[in-house]
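Let me begin by presenting the structure, written as structure tokens, before commenting on it.
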């Protein structure tokens, strides 16, 4: 599986992004902040990059002036 | 016929009991092992087939009867523990009881995101629950359109039992929309809770 993990500054931004994704029918998963990315408590959003077009997502977020970071992750 | 009752026993106990019983019967005699979980059935099958014996498995409800004809021999040095699943598919004996589709007492939005994250984390945990029970508004997380349906299906595939309260599904009129797990009743639910090692209430 190939995943793109979206990291936001605060949980409120995560919630906002979730609302945007839901309104646009984007398949996504709420996961805890991966340990390898940060030791801070928090949530992140995981997108399956084989299923969803990442550019479409980042465009959506940019349109709403949302700041975010992305990380790529591959698992079996 | 020698009968070994390994119900309620977790790996490697059923294998140890099977190995001992096999050493006590004569060649071509049949041993019956009674098991109540699919994982132990698969492990016993591998354990026994790798030593030249064939098994026949009969299933009745949740009870399996494994018939082994002693046409081979298990050496004393064989370690039954080697045939038990390690790591990825480790099931412990803890039960998760999800009684609402929120986690904690606070803003709804926060509670919702917390329960979603909690359930999505379970498939990647080293120790997975033996059973997850869903009751009251918790059942909404088991419906076909649930945001955590993939995680729950994945857990089911690794052997986790998912029990969903039938009364609750009925109340919400969502029986047809169940996406994972089996419909259960208070008897089974209280039985699982009382037999649990630990119970987690998220």
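Protein chains in written order, with our numbering: chain A, 52 to 127; chain B, -6 to 195. Idealized CB from N, CA, C, for every residue including glycine.
Any C-beta of chain A under 9 Å from that of residue i
{"i": "residue 205 (chain B)", "result": "No information on residue 205 (chain B) is available, as it lies outside the stretch -6 to 195 that chain B covers here."}
{"i": "residue 113 (chain B)", "result": "yes"}
{"i": "residue 122 (chain B)", "result": "no"}
{"i": "residue 189 (chain B)", "result": "no"}
{"i": "residue 143 (chain B)", "result": "yes"}
{"i": "residue 140 (chain B)", "result": "yes"}
{"i": "residue 106 (chain B)", "result": "yes"}
{"i": "residue 146 (chain B)", "result": "no"}
{"i": "residue 137 (chain B)", "result": "no"}
{"i": "residue 25 (chain B)", "result": "no"}
{"i": "residue 47 (chain B)", "result": "no"}
{"i": "residue 14 (chain B)", "result": "no"}
{"i": "residue 110 (chain B)", "result": "yes"}
Which listed residue (the options) has its alpha carbon closest to that of residue i
{"i": "residue 59 (chain A)", "options": "A:82, A:107, A:103", "result": "A:82"}
{"i": "residue 175 (chain B)", "options": "B:158, B:68, B:187", "result": "B:158"}
{"i": "residue 43 (chain B)", "options": "B:194, B:165, B:29, B:75", "result": "B:75"}
{"i": "residue 187 (chain B)", "options": "B:86, B:134, B:16", "result": "B:86"}
{"i": "residue 167 (chain B)", "options": "B:145, B:129, B:19", "result": "B:129"}
{"i": "residue 132 (chain B)", "options": "B:6, B:112, B:147", "result": "B:112"}
{"i": "residue 146 (chain B)", "options": "B:38, B:124, B:162, B:99", "result": "B:124"}
{"i": "residue 195 (chain B)", "options": "B:115, B:60, B:90", "result": "B:90"}
{"i": "residue 64 (chain B)", "options": "B:184, B:118, B:46, B:51", "result": "B:46"}
{"i": "residue 111 (chain A)", "options": "A:89, A:98, A:75", "result": "A:75"}
{"i": "residue 35 (chain B)", "options": "B:181, B:95, B:178, B:8", "result": "B:8"}
{"i": "residue 169 (chain B)", "options": "B:135, B:33, B:148, B:2", "result": "B:135"}
{"i": "residue 31 (chain B)", "options": "B:70, B:150, B:178", "result": "B:150"}
{"i": "residue 1 (chain B)", "options": "B:185, B:192, B:191, B:144", "result": "B:185"}
{"i": "residue 68 (chain B)", "options": "B:121, B:164, B:16, B:153", "result": "B:16"}
Secondary structure of residue i, DSSP reduced to three states
{"i": "residue 95 (chain A)", "result": "strand"}
{"i": "residue 198 (chain B)", "result": "With chain B covering -6 to 195 only, the question about residue 198 (chain B) has no answer from this structure."}
{"i": "residue 116 (chain A)", "result": "coil"}
{"i": "residue 57 (chain B)", "result": "strand"}
{"i": "residue 54 (chain A)", "result": "strand"}
{"i": "residue 90 (chain B)", "result": "strand"}
{"i": "residue 36 (chain B)", "result": "helix"}
{"i": "residue 125 (chain A)", "result": "strand"}
{"i": "residue 30 (chain B)", "result": "coil"}
{"i": "residue 109 (chain A)", "result": "helix"}
{"i": "residue 147 (chain B)", "result": "helix"}
{"i": "residue 41 (chain B)", "result": "helix"}
{"i": "residue 69 (chain B)", "result": "coil"}
{"i": "residue 98 (chain B)", "result": "coil"}
{"i": "residue 5 (chain B)", "result": "coil"}
{"i": "residue 74 (chain B)", "result": "helix"}
{"i": "residue 81 (chain B)", "result": "Below a pLDDT of 50, predicted positions are generally treated as unreliable, and residue 81 (chain B), at 44, falls in that range; the measurement from the model is reported next regardless. In this structure, residue 81 (chain B) counts as helix in the three-state DSSP scheme."}
Residue(s) in a DSSP beta bridge with residue i
{"i": "residue 82 (chain A)", "result": "A:95"}
{"i": "residue 158 (chain B)", "result": "B:177"}
{"i": "residue 61 (chain A)", "result": "Answer is none; residue 61 (chain A) lacks a bridge partner."}
{"i": "residue -4 (chain B)", "result": "B:25"}
{"i": "residue 194 (chain B)", "result": "Beta-bridge pairing links residue 194 (chain B) to no other residue."}
{"i": "residue 164 (chain B)", "result": "BP columns for residue 164 (chain B) are empty, so no partner."}
{"i": "residue 125 (chain B)", "result": "B:89, B:155"}
{"i": "residue 136 (chain B)", "result": "B:171"}
{"i": "residue 50 (chain B)", "result": "B:59"}
CB contact below 9 Å: residue i versus chain B
{"i": "residue 98 (chain A)", "result": "no"}
{"i": "residue 69 (chain A)", "result": "yes"}
{"i": "residue 94 (chain A)", "result": "yes"}
{"i": "residue 66 (chain A)", "result": "yes"}
{"i": "residue 80 (chain A)", "result": "yes"}
{"i": "residue 62 (chain A)", "result": "yes"}
Contact set for residue i: own chain, Cβ-Cβ below 8 Å, skip 5 residues either direction
{"i": "residue 91 (chain A)", "result": "84"}
{"i": "residue 97 (chain B)", "result": "103, 104, 107"}
{"i": "residue 14 (chain B)", "result": "-5, -3, 24, 26"}
{"i": "residue 68 (chain A)", "result": "57, 59, 96, 112, 117, 119"}
{"i": "residue 39 (chain B)", "result": "76"}
{"i": "residue 65 (chain A)", "result": "59, 81, 93, 94, 95, 96"}
{"i": "residue 95 (chain B)", "result": "101, 104, 105, 107, 108, 130"}
Beta-carbon proximity list for residue i, same chain, < 7 Å, skipping 5 on both sides
{"i": "residue 55 (chain B)", "result": "29"}
{"i": "residue 102 (chain A)", "result": "78"}
{"i": "residue 181 (chain B)", "result": "156"}
Proximal residues to residue i (C-beta, below 6 Å), its chain only, five neighbours per side dropped
{"i": "residue 51 (chain B)", "result": "58"}
{"i": "residue 41 (chain B)", "result": "48, 61"}
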